[in-house]
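Novice: Here the first sequence is numbered in this note's numbering, starting from 59 and rising by one per residue.
Ideal placement from N, C-alpha and C gives every residue a C-beta, glycine not left out.
Fair warning: this is a prediction, and the values are worked out from it, not measured in the lab.
Starting off with a structure, shown below.
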Amino acid sequence: MSRKFYITTPIYYVNARPHIGHAYTTIACDTIARRQRMLGADTFFLTGTDEHGQKIERAAQAAGKTPQELTNEVSAAFRSLWDRMGITYDDYIRTTEDRHKLRVQELFRRIRNNGYIYKGTYTGQYCVYDELYVDAVGPGADCPECGRPTETVHEENYFFKLSAFEDKLLRLYTDQPDFIRPETRRNEVMSFVRSGLRDLSISRSTFSWGILVPDDPKHVIYVWLDALANYITAIGFGSPDQADQQKFEKYWPADLQMIGKEIVRFHCVYWPAFLMAAGLALPHGIMAHGWLLFEENKMSKSRGNIVRAETILDVLGADALRYFLLREIVFGQDGSFSFDALVQRYNADLANGLGNLASRTLTMIARYFRSEVPYPSHTAARRPADDAIADLSRKTISECHTLFDQYQFSRALETAWGLVAAVDKYIVENEPWALGEKQDEESRARLGTVLYTSAEALRIVTALAHPVIPDSTTKIWAQLGLGETKKFPLSELKWGQLHLGTKLGNVQAVFPRADKTAIERMQKMEERDASAATEAQPAAGSASGGTFAAQVGGAPATSARSAVSSSDGKISIDDFAKIDLRVGQIRVAERVKGADKLLRLEVDIGTEVRQVVAGIAETYEPDSLIGRKVVIVANLAPRKLRGLESNGMIVAASPEGGKPVLCSFLEDVPMGTRLK
RNA sequence: GGCGGCGUAGCUCAGGUGGUUAGAGCGACGGUCUCAUAAUCCGUAGGUCGUUGGUUCGAGUCCAACCGCCGCCA
Numbered sequence: 059m060s061r062k063f064y065i066t067t068p069i070y071y072v073n074a075r076p077h078i079g080h081a082y083t084t085i086a087c088d089t090i091a092r093r094q095r096m097l098g099a100d101t102f103f104l105t106g107t108d109e110h111g112q113k114i115e116r117a118a119q120a121a122g123k124t125p126q127e128l129t130n131e132v133s134a135a136f137r138s139l140w141d142r143m144g145i146t147y148d149d150y151i152r153t154t155e156d157r158h159k160l161r162v163q164e165l166f167r168r169i170r171n172n173g174y175i176y177k178g179t180y181t182g183q184y185c186v187y188d189e190l191y192v193d194a195v196g197p198g199a200d201c202p203e204c205g206r207p208t209e210t211v212h213e214e215n216y217f218f219k220l221s222a223f224e225d226k227l228l229r230l231y232t233d234q235p236d237f238i239r240p241e242t243r244r245n246e247v248m249s250f251v252r253s254g255l256r257d258l259s260i261s262r263s264t265f266s267w268g269i270l271v272p273d274d275p276k277h278v279i280y281v282w283l284d285a286l287a288n289y290i291t292a293i294g295f296g297s298p299d300q301a302d303q304q305k306f307e308k309y310w311p312a313d314l315q316m317i318g319k320e321i322v323r324f325h326c327v328y329w330p331a332f333l334m335a336a337g338l339a340l341p342h343g344i345m346a347h348g349w350l351l352f353e354e355n356k357m358s359k360s361r362g363n364i365v366r367a368e369t370i371l372d373v374l375g376a377d378a379l380r381y382f383l384l385r386e387i388v389f390g391q392d393g394s395f396s397f398d399a400l401v402q403r404y405n406a407d408l409a410n411g412l413g414n415l416a417s418r419t420l421t422m423i424a425r426y427f428r429s430e431v432p433y434p435s436h437t438a439a440r441r442p443a444d445d446a447i448a449d450l451s452r453k454t455i456s457e458c459h460t461l462f463d464q465y466q467f468s469r470a471l472e473t474a475w476g477l478v479a480a481v482d483k484y485i486v487e488n489e490p491w492a493l494g495e496k497q498d499e500e501s502r503a504r505l506g507t508v509l510y511t512s513a514e515a516l517r518i519v520t521a522l523a524h525p526v527i528p529d530s531t532t533k534i535w536a537q538l539g540l541g542e543t544k545k546f547p548l549s550e551l552k553w554g555q556l557h558l559g560t561k562l563g564n565v566q567a568v569f570p571r572a573d574k575t576a577i578e579r580m581q582k583m584e585e586r587d588a589s590a591a592t593e594a595q596p597a598a599g600s601a602s603g604g605t606f607a608a609q610v611g612g613a614p615a616t617s618a619r620s621a622v623s624s625s626d627g628k629i630s631i632d633d634f635a636k637i638d639l640r641v642g643q644i645r646v647a648e649r650v651k652g653a654d655k656l657l658r659l660e661v662d663i664g665t666e667v668r669q670v671v672a673g674i675a676e677t678y679e680p681d682s683l684i685g686r687k688v689v690i691v692a693n694l695a696p697r698k699l700r701g702l703e704s705n706g707m708i709v710a711a712s713p714e715g716g717k718p719v720l721c722s723f724l725e726d727v728p729m730g731t732r733l734k
């Protein structure tokens, strides 16, 4: 019996189409799963979609679809992206599948029978967006989480006795320090639990798009209980079928559950409590990664700065995206994505680095040894430099294993690429092309040794990198004349396994250099997609997700989305005339609750008074702004920020990394004056 | 407000339990080879290690305060 390894991604909520943020999580898990398989583990890799809840119900209604139609579409979009990216998931669970629904009900029964569920009444505010009861605020208040209006509800609900698990959870975090990683997330969770746990409402009766509570069909089960349960329902928990039960016995508990940092509480507090209440084993570890930011800002649909994975796949391929995300970002921390950095990494590390090393090494073996791996001399023609490469290879193998085991992808890759650099240097110093000119025996032996050493190091880097860049490493292995990379037993990787006389395959560039147009092409594709999306669904805001950020006046982030009229970036006078810039006077200014950077302003532009939400709270005190004359973009489409409609945008200078400064006039100008 | 974290070269980051001239990669600049994907290789770039105090023979590395950024507080 081989060791098993069960790994899960979060199941993605179908309120948004997949983007590279989702891809990031999935790629990390796929890399881990591929590596575990190479290490010989009986690996099970689960992903899927989370499809219930009021938010989906309403989004479907707005789109004139049934919830099932909507979720079918979006779930399929996720699945086809994973397929296109070659994600090696073993099962794809959807929470609207019967197998899931029945087993969630079984879980509910189990917890209820164990005495951890009771019926009670809840009166208070509810945030539909977050699917959350917000106790801290009164009627009419906005959600402290997302700033959207809350609704007052009176509900008879089922409650989960979360309060009973306070001590057990704290003991868990203490006894098993690796249960939550990285440590900063663990600290947060511990302080949260220490501050006391209240019982959790785990049913809803105000909407119906969910799983019915067993024996009480007026209620549906809380979406988080529903969603979290996927990790066990997918592998057979609660199924009457014998084979399913065996599967569950075999794979549960999960070895690693990967999540994003925004859902830490659900996975590190509620989830283990649910499992304890049901008498089930707990996962070995939960790892929370950071957010993928787009040029400094959180990527989210409402900000209009989403980058689709497809764009990158089309231009550079899946391996480029995989390598970039895992090499560039310190796993666990937030990371920044930009097309610039992507192409930079691709060219430097993949094209110039690994790709070029493969190319030069293999080409020379083809030329000087008729495509057969030469014999490395152990005698007269051997030099210390050859052994140095062998030693470094051994060291690289062991360090890479350690770092990958700790999910330190960026450092693991950095280490592996250190070997690439060393071999490049070794080749230059030993000048195989010069040796190839000579026919004497000594030179011949030397040449064989140098090329063997290079090819063998190349093989080792390729094997180590395979879980990260599976497509290209498979090609390189084929060119090296080796078998299936993914079946190579990684734990047995060592120096000297490349056999004398191995016949090379056809040598071909694996990572063609990306030229300057690559960035442009990707940006154009994103723009086209953005405008298509806008036309298709003008009211996309309703169910959009994510954190609103401070933008002066709430304009969409400057990003790949900003439209450019002509190819050289210049606009005509007519284009400029479309922008209605006017002088206005601030009448009212106040802070927006729950937002550090936003002010709500009422601006008099002569003909009317506009409400504008502006991200200038860091620079200006509200009172200091009253009566001040400012420039406003008067014909900007209205946009909601923190639940407040913003009608226009205040013009400000926004220095890179600095705080915005309002545009103003030295002379007095009447309100309503147009700028042109 | 409470708790926690971060602030090191243009950029992204390393720098266990304090100890020689503070490191790497990328970018930039200059040079080199020619097997290779105008790739490789070599050299250069001198950053008050957020600020100010303190502990110490000696502090990015410990302590305090402050400034800035961020996360969690259902």
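#1: Taking 9 angstroms as the cut-off, decide whether the C-beta atoms of Leu-220 and Val-322 are in contact.
#2: Contact defined as beta carbons within less than 8 angstroms: I believe Ile-534 pairs with Thr-520. What is the distance between those atoms, to the nearest angstrom?
#3: From Asn-73 to Gly-348, what distance separates their C-alpha atoms?
#4: Where does the unbroken beta strand (DSSP E) through Leu-350 begin, and where does it stop?
#5: Can you tell me the Cα-Cα spacing of Ile-23 and Arg-157, whole angstroms?
#6: Quick one: is Glu-127 buried, meaning 16 or more other Cβ sit within 10 Å of its Cβ, or exposed?
#7: Please report how far the alpha carbon of Val-719 lies from the alpha carbon of Val-365, in whole angstroms.
#8: Tell me Thr-210's beta-bridge partners as DSSP assigns them.
#9: For Lys-561, which beta-bridge partners are listed by DSSP?
#10: Out of Lys-276, Val-388, Ile-447, point me to the one whose CA is closest to Val-478's CA.
#11: For Asp-407, is the classification buried or exposed, using 16 other Cβ atoms within 10 angstroms of its Cβ as the cut-off for buried?
#12: Since Ser-259 contacts Tyr-191 with CB under 8 angstroms, what's their CB separation in whole angstroms?
#13: Which term fits Glu-736, buried or exposed, when burial requires 16 or more other beta carbons within 10 angstroms of its beta carbon?
#14: So, at 7 angstroms on beta carbons, what are the nonlocal neighbours of Ile-279 in its own chain, with the 5 sequence-adjacent residues on each side left out?
#15: Taking 8 angstroms as the cut-off, does the stretch 171-186 touch the stretch 291-307 (at least 3 CB pairs, one atom from each stretch)?
#16: May I ask you to report which of helix, strand or coil DSSP gives Ala-339?
#17: Taking the alpha carbon of Ala-480 as the reference point, which residue from Arg-502, Val-508, Glu-500, Leu-461 has its own alpha carbon closest?
#18: Give the DSSP-derived three-state secondary structure of Leu-415 in the structure shown.
#19: So, under 8 angstroms CB-CB, Phe-768 and Leu-286 are touching, yes? Tell me the CB distance rounded to an integer number of Å.
#20: Quick check on the DSSP output: the alpha helix (DSSP H) that includes Glu-660 runs from which residue to which?
#21: Report the option in Ile-65, His-77, Thr-67 whose CA atom is closest to the CA atom of Ala-588.
#22: Which same chain residues end up closer than 6 angstroms to Thr-67 when comparing Cβ atoms and leaving out the 5 residues on each side of it in sequence?
#23: Excluding five sequence neighbours on each side, which residues of the same chain lie with their C-beta closer than 8 angstroms to the C-beta of Ala-443?
#24: Using three-state DSSP, classify Ala-588 as helix, strand or coil.
#25: Quick check: the Cα distance between Arg-137 and His-80, rounded to an integer number of angstroms?
#26: Can you name, in chain order, every residue of its own chain whose Cβ lies under 6 angstroms from the Cβ of Ser-60, other than the five neighbours on each side?
#27: Thr-146 and Phe-103 look like a contact to me (Cβ under 8 angstroms); what is the Cβ gap, rounded to whole Å?
#28: For Leu-743, which option in Pro-547, Phe-265, Phe-427, Glu-578 has the closest C-alpha, if you only look at C-alpha atoms?
#29: DSSP state of Ile-423, grouped into three classes?
#30: Since I believe Pro-525 is in contact with Arg-142 (beta carbons under 8 angstroms), could you give me their beta-carbon distance rounded to a whole number of angstroms?
#31: Should Gly-642 and Met-729 be called a contact, given that it needs their Cβ atoms to be closer than 9 angstroms?
#32: What residue range is occupied by the uninterrupted alpha helix (DSSP H) comprising Gln-119?
#33: Assuming Ile-238 and Ile-344 make a contact with CB atoms under 8 angstroms, what is their CB distance in whole Å?
#34: Count the other CB atoms, across all protein chains shown, that sit within 10 Å of the CB of Pro-596; report buried if there are 16 or more and exposed otherwise.
#35: So, for Cys-458: in the same chain, excluding its five sequence neighbours on each side, which residues have a beta-carbon less than 7 angstroms away from its beta-carbon?
#36: Whole angstroms are fine: how far does the CA of Leu-283 sit from the CA of Asp-188?
Specialist: So, from the listed chains and residues:
#1: no
#2: 5 angstroms
#3: 21 angstroms
#4: 350-352
#5: Any question about residue 23 goes unanswered here, given that the chain covers just 59 to 734.
#6: exposed
#7: 29 angstroms
#8: Gln-183
#9: Glu-430
#10: Ile-447
#11: buried
#12: 6 angstroms
#13: For the chain, the structure presents residues 59 to 734; residue 736 sits outside this window and is missing.
#14: Val-162, Phe-166, Ile-260, Ser-261, Gly-268, Ile-269, Val-271
#15: no
#16: coil
#17: Val-508
#18: helix
#19: Because the chain in this structure spans residues 59 to 734, residue 768 falls outside the shown range and cannot be described.
#20: Per DSSP, Glu-660 belongs to no alpha helix (DSSP H); it is in the beta strand (DSSP E), 657-662.
#21: His-77
#22: Thr-83, Thr-84, Cys-87, Thr-105, Met-316
#23: Tyr-484, Glu-487, Asn-488
#24: helix
#25: 12 angstroms
#26: Gly-98, Asp-100
#27: 6 angstroms
#28: Because residue 743 is not part of the residues shown, which for the chain are 59 to 734, the question remains open.
#29: helix
#30: Contact doesn't hold; Cβ gap of about 19 angstroms is too wide.
#31: yes
#32: 112-120
#33: 5 angstroms
#34: Residue placement at Pro-596 is flagged as unreliable, the pLDDT there being 30, under the threshold of 50; the coordinate-derived value follows with that caveat. By the neighbour-count rule (16 or more Cβ atoms within 10 Å), Pro-596 is not buried but exposed.
#35: Ala-470, Thr-473, Ala-474, Leu-522
#36: 14 angstroms
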